[in-house]
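This report refers to the structure that appears directly beneath it.
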Amino acid sequence: GGGSDTDNSNGNGDASGNASGGGKKYRIAVIPKGTSHEFWKSVHAGAENAARELGNVEILWKGPLQENDREGQISVVQDFITKQVDGICLAPLDSQALVDYVVEAGEADIPVVIFDSGLDGDKKNYVSYVATDNYNGGALAARRLAEVLGKQGDVIMLRYNPGSESTENRERGFLETLEKEFPDINVLSSDEYAGTTPESSLDKATQLLQKHREKVDGIFAVCEPNATGVLGALRDLEMAGKVKFVAFDPNQPLIEGMSGGSVDGIVLQDPVKMGYEAVMALMAQQQGKDVEKRINTGEYVATPQNMDETEMSKLLKPKQFED
Amino acid sequence: MPDPLLRMTGVSKRFGATHALRDVALEVNAGEVLALIGENGAGKSTLMKVLSGAVPPDSGSMQISGQPYAPRSPHSARLAGVAMIYQELNLAPDLSVEDNIMLGQETGRWGILRRDLQRQRVRDVLDQLGHPELQPDTLVNRLSVGAQQLVEIARALVMEARIIVFDEPTSSLARHDVERLFGVIARLKETGIGIVYISHFLDEVREICDHYTVLRDGCAVGSGSLEKVSESEIVALMVGRTVDELFPSVPHTPGDVVLSLSRLSGSAVPTDVTLDLRRGEILGVAGLVGAGRTELLRCIFGLDPVKTGTVKVGQFAPRRRPSRMIAAGLGLVSEDRKGEGLAQSRSIADNMTYSRLQPYRTVGFLHLRRRRQAVSQWMRKLKIKAQSQEQSVENLSGGNQQKVAIARVLHQDADVLLLDEPTRGIDVGTKAEIYRLMGESAAAGKAILFVSSYLTELLAVCDRVAVMSRGRVCEVRPSDKWTEETAMAVAVAGESI
Amino acid sequence: MSSETNTTTTPEPQLLATSRGNALLNVIGPFLALAVVYFFFGITDATQEDGGTFLTPRNNRAVAIPTATVAVAAMGMTLIIIAGGIDLSAGTALALCATVLAWCLKEGASPTLAILAAVGTGCLTGLINGVLISALRVVPFIVTLGTMTIFLGVAKIIAKETTVRPDRTTQIPEWLRGFLSLREQYLFPGKWFVPWSGEVGADASWFRRTAIWVAESLRLPVGVWLVIVLAILLALVLRYTVFGRYVFALGSNESTARLCGINVAWNKIAIYTLSGFFVGIAGIYQFSRLSVGNPTSGIGLELRIIAAVVIGGGSLSGGRGTVVGTLTGAAIMAVIASGCTQLGLSNPVQDIILGVIIVVAVTIDQIRQRRLAA
Amino acid sequence: MSSETNTTTTPEPQLLATSRGNALLNVIGPFLALAVVYFFFGITDATQEDGGTFLTPRNNRAVAIPTATVAVAAMGMTLIIIAGGIDLSAGTALALCATVLAWCLKEGASPTLAILAAVGTGCLTGLINGVLISALRVVPFIVTLGTMTIFLGVAKIIAKETTVRPDRTTQIPEWLRGFLSLREQYLFPGKWFVPWSGEVGADASWFRRTAIWVAESLRLPVGVWLVIVLAILLALVLRYTVFGRYVFALGSNESTARLCGINVAWNKIAIYTLSGFFVGIAGIYQFSRLSVGNPTSGIGLELRIIAAVVIGGGSLSGGRGTVVGTLTGAAIMAVIASGCTQLGLSNPVQDIILGVIIVVAVTIDQIRQRRLAA
Ligand SMILES: Nc1ncnc2c1ncn2[C@@H]1O[C@H](COP(=O)(O)OP(=O)(O)OP(=O)(O)O)[C@@H](O)[C@H]1O
Ligand SMILES: Nc1ncnc2c1ncn2[C@@H]1O[C@H](COP(=O)(O)OP(=O)(O)OP(=O)(O)O)[C@@H](O)[C@H]1O
Ligand SMILES: [Mg+2]
Ligand SMILES: [Mg+2]
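Residue numbers (the numbering used here), protein chains in the order written: chain A, 2 to 324; chain B, 11 to 507; chain C, 3 to 376; chain D, 3 to 376.
Here is the structure:
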C-alpha cells in the first residue's frame with residue numbers, strides 16, 4: 002500500500018447521520034494518563050456510556066504504557082492523528098508538553114477535548130476542559146481534616162510524584178487552605194514524595210509515621226495509590242483510628258477503612274461523569290452546538306456519616322469499564 | 011586381530027572455507043601411546059575435539075572397542091570413557107583447585123558433595139604429579155599458567171577413562187614436571203588405557219610414545235611405529251620438506267647495556283633480582299614452574315607492582331606502566347595468550363598492530379591499506395595460516411595464535427623484547443623461523459629476554475642463561491657453560507652448584 | 003593511575019596459610035559496610051533535635067520488613083548472577099505472582115491453593131526464562147528484557163488493567179496479613195522473650211539496656227524469619243551440593259563447564275526455575291504487605307534486586323557472590339532509605355546519598371578484597 | 003541439546019571468501035528485522051476496516067521522531083557497550099540535561115548558551131562516570147547505578163522538585179520547537195522535493211506513487227537528519243580512527259589492551275565522556291519534544307537505550323556492536339509502539355508483543371549470524 006490518503010471519512014461531511022441509518026461512525030480516541038488505576042477505568046466507563054447513548058460513536062481507548070511517560074503519551078496522540086480519528090479526548094500528563102501536539106491535531110482538523118488536568122496555551126486550541134477542580138479538592142481535604150481534628154494539631158501531607166499537575170494542585174490547595182483558615186494546625190512534613198505505587202507509599206509512610214509517631218495527629222494522602230499505602234502503614238503501626246486520615250479518591254480498602262473508623266474522609270471526584278462529559282462535549286462540537294469552555298465535574302467529601310447516602314455511595318463505588 | 015581400543019575412519023570437518031580435516035583415519039590400541047604430530051593448523055586439535063564430542067564431524071565414524079561411538083556432547087564422550095586435556099586452558103577461574111579437578115565428576119550422594127572423599131582423590135593425583143604442595147582450596151585464578159596446566163592434567167587423571175587425550179600438555183611445564191607426567195603416563199599405559207599425545211617436542215614424543223600419526227593440512231600423511239623412523243623423517247612428513255637447521259644461528263655481538271635491573275622485588279616474587287641486558291644479546295631465563303620468571307617480566311613491564319628496586323631502560327627509569335614502557339622501547343609477549351595476550355574476538359590485523367598504530371595514522375585517522383600491506387608481510391614471514399587478516403583470532407589454531415602474538419612485538423619494532431614462552435605450541439618448522447628472527451633482531455642491535463621452560467632451546471639460542479628459583483636469580487652463565495643437567499640442578503636446589 | 007595497572011590482570015598468590023581465616027573475613031566483610039551505614043545514620047539521627055528514633059528496635063524492625071521482599075527475590079538473583087546470567091524480569095514477575103495470588107483469593111480459592119498458584123507462577127516465569135535462554139541461545143539480558151514486559155502484560159490482563167483487591171477480612175487469612183506486619187500480636191517470639199522487660203528504668207545498667215535492645219530487635223514477624231531460613235538453605239545448597247558447584251562453574255567459565263560434561267542447558271533451566279521459585283515467594287511477601295495485587299508495582303524493582311546482589315559482592319561477570327552478601331546489600335539500601343527519611347532529608351538529597359553510598363560501599367568492599375588478596 | 007553443545011564453544015569461521023560480502027550482509031542484516039516488523043504491522047493495518055494509515059509517509063515520520071531521542075543516546079551507549087561497559091545512568095543523565103536546558107531558557111539565557119550548557123552537562127555526567135570507573139576500579143554497572151540516582155537527585159534540585167517550564171512562545175526559539183516536529187513548516191526538504199506532487203490521481207502509475215511515497219517519507223524534521231549525520235560520524239570514528247580501534251580492543255580484552263600500551267584509564271574516560279556528549283544531545287531532543295524539563299522523565303529510559311543497542315547486535319560482553327544496528331534497534335521499538343496503537347491493541351497486549359518481538363528479533367539476528375558463519 003503506497004498511496005497517501007484513502008479519503009471519504011474526514012470530518013464534517015455527514016455529521017448529521019444518526020445511529021439507525023448506519024451512517025457515519027465517529028471514532029473518538031480517549032487518552033488517559035495511564036491505564037492501571039481504577040480512576041481511569043471509571044473514566045472509560047463514562048466515555049462508553051456516552052458512546053452508547055449517542056449510538057454512532059466508537060471509543061478508542063489508549064494510554065501511554067507507563068504513567069508519567071510524557072513522550073509515550075505524545076506518541077499516542079500523534080499516532081491517533083496519523084490514524085485520522087474524528088476527535089480526541091486527552092488527559093494531558095503535562096500542562097505544557099502536550100500543547101504543540103494538540104495544535105497539531107487542530108491543524109489536521111481533529112477537535113480535542115481536555116479532561117482531568119489542564120493544558121496551557123491558547124484556549125482556542127481545544128474544545129473544552131472537563132475536570133475536577135483539584136485545588137478545591139485539596140481545600141476540601143484540609144477542611145475535613147481540620148474538622149475531625151478540632152482545628153488544631155500536627156499533620157503530615159504525603160505528596161505523590163514530582164511534576165504531576167493535578168496532585169500538585171491538590172497539595173497546594175491543601176496547604177494554602179490550612180495556612181489561611183486553620184492557623185492552629187501545624188504541618189510536620191509536606192515535602193516527602195510517596196512515589197507512584199502503593200508499595201513505595203507504604204515504605205515512605207511507614208518511615209514518616211514512625212519518625213513522627215509521638216506527635217502526628219492527622220495525615221492527608223493526595224491520591225489513591227498513595228492513600229492505600231498510608232492506610233497500610235497506619236494499620237501496621239497500630240495508629241489507625243488514632244491518627245486522623247483523609248484520602249483522595251476511593252478504593253475498596255479505603256471504603257472499608259471508613260466504615261471501620263480508620264479513614265475519616267475521602268475526597269471524591271466523579272470520573273464517570275468526566276469521561277461522559279468529555280465525549281459529549283466533543284460530539285456536541287462536531288454537530289455544531291455551542292460547548293462550554295470549562296465543565297466542572299464536581300468534588301465531594303465522603304465521611305463515615307454520609308457514606309451510605311445513595312449519591313455518595315455511587316461516587317464511592319463508581320462504575321468501572323469491563324471488557 | 012582384536013578390535014583396537016579406538017578407531018576413527020574417514021573423519022572430515024570443514025570450518026567454512028577451511029578444510030580442517032579430510033578423511034582422516036587413526037587407531038589407538040589399549041596400553042599404547044599414540045603421538046599425533048603436525049604443523050600448526052594441521053588439524054590435530056580439531057581431530058581430538060571430534061573425539062571428545064566438542065566438535066561434531068561432517069562425516070566419518072568412530073568405534074571404541076568395536077562398538078560404534080558417536081558422542082553428541084562432551085558429556086556423552088565422558089560417559090564413554092574419553093577424557094581430554096585441551097590445548098587452551100579450560101578452567102573455571104573462580105573455583106578452587108579441587109573443584110576444578112572434580113568438575114563434572116563430583117562424588118556425592120543425593121546431590122550432596124562428599125568433600126572428604128573428593129579431597130582424598132585430589133590429594134592422590136596431585137601427589138602422583140609430584141605437586142603435593144598445591145593446596146586444593148586455592149582458587150585457580152591465583153595460580154601461574156604452569157600450575158594451571160597441572161590442574162588440567164589432574165582433572166583427566168581423576169576420571170576413570172579408557173582413552174585420554176593430551177593436547178600439548180607440557181607447553182608450559184618445566185622438564186622436571188614433564189618427567190613426572192611421563193611417569194604417570196607410563197603407569198596409565200600399564201593399566202590398559204589408550205593415550206593420544208599431541209606435542210611439538212619431538213624428543214618428548216620419542217621418549218613416551220609408541221606409534222605416531224602425522225597430519226598435514228588436515229590429511230593423515232603417515233603413521234607407524236616410532237622405533238622405525240628418524241626425527242628428520244617425521245619432520246619431513248610434517249612440513250613436506252626437510253628442515254635443515256632446527257636452531258639456525260645468526261651471528262650477533264652484545265653491545266652496551268639497554269636494560270638494567272637492580273635489586274628488583276615484586277610483591278611475592280621476584281626477589282632481589284639484579285640483571286643487565288645488552289644490545290644484541292639474547293638472555294635466557296630458566297627455572298621451574300612458579301620460579302617467578304613470568305612475574306619478573308611483568309614487573310619490568312609495569313604490569314605487576316614492584317616493591318623495591320629499579321628498572322632502567324638505557325639511562326632512564328621510565329614510569330612503570332605498559333604504555334610508558336612501550337614508549338621506552340620495550341615489548342612483551344605474554345605467556346597467557348587466551349586470557350591476556352590476544353583480544354580473541356578481534357582480527358589478526360588488529361591484534362598485530364595494537365601496540366603500534368602510529369605509522370598508519372594521520373591526525374587520528376587510520377590508513378587501512380598501508381596497514382593491510384604490513385600485516386600481510388608479517389603473516390607471510392611467520393607462516394600464519396588463516397583465511398584473511400580480517401579473520402578473528404579465536405578461530406585460529408593454537409600455534410597460529412601464538413604467532414600473531416609474536417608478530418605483534420616484532421611489528422612493534424621494540425628495542426627490548428620480553429618473551430615469555432614465545433614458542434609455546436609452535437611447530438618445529440616455524441620455531442626454527444622464530445629463532446632465526448630472534449637472531450636477526452639481536453644482530454640488528456635489539457636485546458631479548460627469553461623466558462622458556464624448554465631448556466634445549468634456551469641453551470641453543472641464548473648467549474647467556476640465568477636460572478631462577480623461588481623468585482631469585484641463582485646464577486647467570488654463558489650458555490655454553492651450562493648443560494641441561496646443571497641448569498636443572500640449580501633450578502631445583504635454588505643455589506649455584 | 004599507576005596503581006591502576008596491576009591488580010586486575012595479575013592474581014596475586016595466596017599468602018594466608020589457611021583459607022579459613024579468609025572465609026571468616028569474607029563473611030564478616032559485607033556486614034562491616036552495613037554496620038557503618040547503620041551507625042552513621044543512627045548517630046546523626048541521635049544528635050538531632052527531634053531524633054533518636056532511628057536506633058530503636060522498632061525502627062530496626064521497620065527496616066527489616068521492606069528489606070525482606072527485595073532480599074528474597076535477590077536470593078534467586080544471586081544464583082543467576084553467580085551463574086553468569088541476569089534477570090531483568092524479576093521485578094515484573096514478582097508483581098505477576100502477587101497479582102495471581104490476589105486474583106486467586108478474590109476468586110475464592112483457598113489460601114493454600116492461592117499460594118501454590120503464586121509460587122507455581124514464579125517457577126513458571128523462571129522456567130520460561132531458562133528454556134528461552136537455553137533453547138534460543140540468546141543472552142539472558144535480552145531474553146529477560148523481553149519477558150519483563152511480557153510478564154507485565156500478562157499481569158495486567160489478569161488484573162484487568164487495575165489493582166486486584168481481595169476482601170481483607172473474609173478472603174485473606176489472618177497469618178498472611180500478619181506475615182510482614184509490625185503489629186505486636188504478629189511478632190515472634192512474643193513479649194516474654196525480652197528479659198527484664200518492664201522492670202528497667204532509665205538508670206538501668208548498660209548491659210541490661212543492650213540486652214533488651216537486642217532482644218526487642220530480634221522480635222520480628224514470621225516473614226523475616228522465613229527469609230533467614232531460606233537464606234541458610236540456599237547457602238547450604240550453594241556450598242554443599244553438586245548443583246551448587248555447577249552454578250559457580252557455569253558462571254566462572256561456561257565452556258569449561260560444557261567440556262567437563264556438565265549439562266549446561268539443564269542446569270541453566272534449573273537455576274532460572276529455582277530463582278523463579280524465590281520470585282514467587284517474594285510475590286507473596288509483596289502481596290502480604292498491602293493485600294493487593296498491583297501489576298505495575300514491580301517496574302524498576304529489578305534494578306534494586308540486582309543492586310542488592312552486587313552491593314553484596316556478587317560479580318556480574320559471574321562466578322562470584324554470596325547469600326549473606328546479598329542480604330546485607332538489600333539491608334543497606336533499606337537502611338539508607340529509612341535513615342534519609344528519619345533525618346528529614348529532602349527527596350533529591352536522599353537520591354544523591356543513596357547513589358554515593360552504593361558507589362562507596364562497593365569501592366570499600368573491593369579495596370578490602372584486594373587487601374585480603376595481597 | 004545436541005545442537006546446543008557445539009556452537010558456543012567453537013566459533014565457526016566465516017564462509018564468504020571476501021570479507022566485503024560479509025560486511026555488506028552485516029550492514030543489511032539489522033534492517034531485515036526492522037523490515038519484517040514494519041511490514042507485519044503495515045499489512046495487518048491495511049487489512050483492517052479503518053486501517054491503511056500505517057504505511058503512509060506521515061506515519062513513517064511519526065515513527066522516526068520518537069526513535070530519534072533514544073537513538074542518539076543509544077549511539078553513546080553503543081560506544082560504551084563495545085568497550086565492554088554499561089551505563090545505567092544514561093536515562094536520568096538525559097533528563098538532567100533536558101532539565102538544565104529548560105532551566106537555562108527559563109532563567110533567560112540565550113538558546114545557544116542553554117544548549118551548550120545541556121551538552122556540557124552531558125559531557126560532565128560522562129566524565130564523572132568515566133573517572134569513577136577508572137579511578138575506583140569498580141565495575142561500570144555499580145558506578146552508573148550510583149550515578150543514576152545521583153543525577154536524578156541533582157536534576158530534581160535544579161527543577162526544585164517539579165517540572166521546569168520555560169515560556170513556549172518567548173523563551174524557546176522557533177527552530178528548537180520545530181526540531182522534532184511533524185508539522186509541515188518544519189519538515190526538510192520542503193514540499194518542492196516531492197515529484198508530481200498534487201498532480202497524481204488514484205490512477206497514477208505504481209512507479210509515480212512509489213516515488214512520491216519515498217520522497218514524502220524523506221521529508222523529515224531537522225532533528226532526524228541530525229541523527230543520521232551523527233551516526234555517520236560515529237561510524238567513521240569507530241572504523242577509521244585509532245580511538246575506534248582502541249574501543250574495540252578494550253571491549254574484547256582489557257588485559258590485552260593494557261599489554262599493548264593502550265592507556266586504559268584515559269580511553270575509558272574518553273569513551274564515557276563522548277557517550278555523555280551524545281546523552282547531552284539526546285537531552286536536547288527530549289526537551290524539544292516536551293518543551294519542558296522533567297527530572298523524572300528519564301527513569302526507565304536506560305533500559306530502552308540499552309535494548310536498542312542489544313537488539314541491534316551489540317554484545318554486552320563487549321567487542322561487538324554497530325551504529326547502524328543500534329539505529330535499527332531503536333526504530334524497531336518505535337515501530338512496535340506505533341503499530342500497536344494504530345491496530346487498536348490494548349496496553350497489556352502491546353507489552354506482550356513488544357517483549358515477544360525483542361526476543362524474536364534478536365534470535366533471528368543470531369541465527370542469521372550463525373548461518374553467515376557456518
Ligand atoms: N572454530 C574454528 N573456526 C574456524 N576455523 C577453525 C576453528 N577451529 C579450527 N579452525 C581451523 O582449522 C585448522 C586446524 O586447526 P587445529 O586447531 O586443529 O590445528 P592444530 O593442528 O591443533 O594446530 P596447533 O599445533 O597450532 O595447535 C586451522 O586452520 C584453524 O584455523
Ligand atoms: N605448583 C604451584 N603451587 C602453588 N603455587 C604455584 C605453583 N606454581 C606456581 N605457583 C604460583 O605462581 C607464582 C610464580 O609463578 P610464575 O608464573 O611467575 O612462575 P614461572 O617461573 O613463570 O612459571 P611458569 O612456568 O608457570 O610460568 C608463585 O609465586 C606461586 O604463587
Ligand atoms: Mg592445537
Ligand atoms: Mg611463566
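Every residue gets a Cβ at the ideal spot worked out from N, C-alpha and C, and that includes glycine.
Nearest-angstrom Cβ-Cβ length linking residue i and residue j, presumed shorter than 8 Å
i, j, result
"D/Ala104", "D/Val166", "4 Å"
"B/Leu247", "B/Val231", "6 Å"
"B/Ser357", "B/Gln401", "6 Å"
"A/Ile75", "A/Leu99", "7 Å"
Residues bridged to residue i [DSSP beta-bridge criterion]
i, result
"B/Cys229", "B/Arg226"
"B/Thr2", "Outside the shown range of chain B, which is 11 to 507, sits residue 2 of chain B, and nothing can be said about it."
"A/Ala241", "A/Val244"
"A/Trp62", "A/Val31"
Cβ-based neighbour list, residue i, same chain, cut-off 6 Å, excluding 5 preceding and 5 following
i, result
"B/Val215", "Ala45 and Ser209"
Coil, strand or helix - residue i by DSSP
i, result
"A/Tyr356", "Shown here, chain A extends from 2 to 324; a query on residue 356 of chain A therefore has no answer."
"B/Asp177", "strand"
"C/Ser299", "helix"
"C/Gly180", "helix"
"B/Asp187", "helix"
"B/Lys317", "strand"
"B/Lys322", "strand"
"B/Ser62", "coil"
"B/Ser451", "helix"
Spatial distance of residue i from residue j (CA atoms)
i, j, result
"B/Gly409", "B/Ser398", "16 Å"
"C/Asn349", "A/Pro163", "10 Å"
"A/Ser280", "A/Cys224", "According to the sequence displayed, residue 280 of chain A carries Val and not Ser. Distance between the alpha carbons of A/Val280 and A/Cys224: 25 Å."
"D/Ala237", "D/Asn265", "22 Å"
"C/Phe143", "C/Gly253", "15 Å"
"C/Val244", "B/Lys322", "52 Å"
"D/Val74", "D/Glu176", "22 Å"
"B/Tyr464", "B/Thr496", "14 Å"
Close Cβ partners of residue i (< 7 Å) along its chain, the five nearest in sequence each way excluded
i, result
"A/Ser1", "Residue 1 of chain A lies beyond the range of chain A shown here (2 to 324); nothing can be said about it."
"B/Gly20", "Asp33, Ala35, Ser69, Gly70 and Ser71"
Cβ neighbours of residue i in the same chain (closer than 8 Å, five flanking residues each side left out)
i, result
"D/Ala272", "Gly132 and Phe245"
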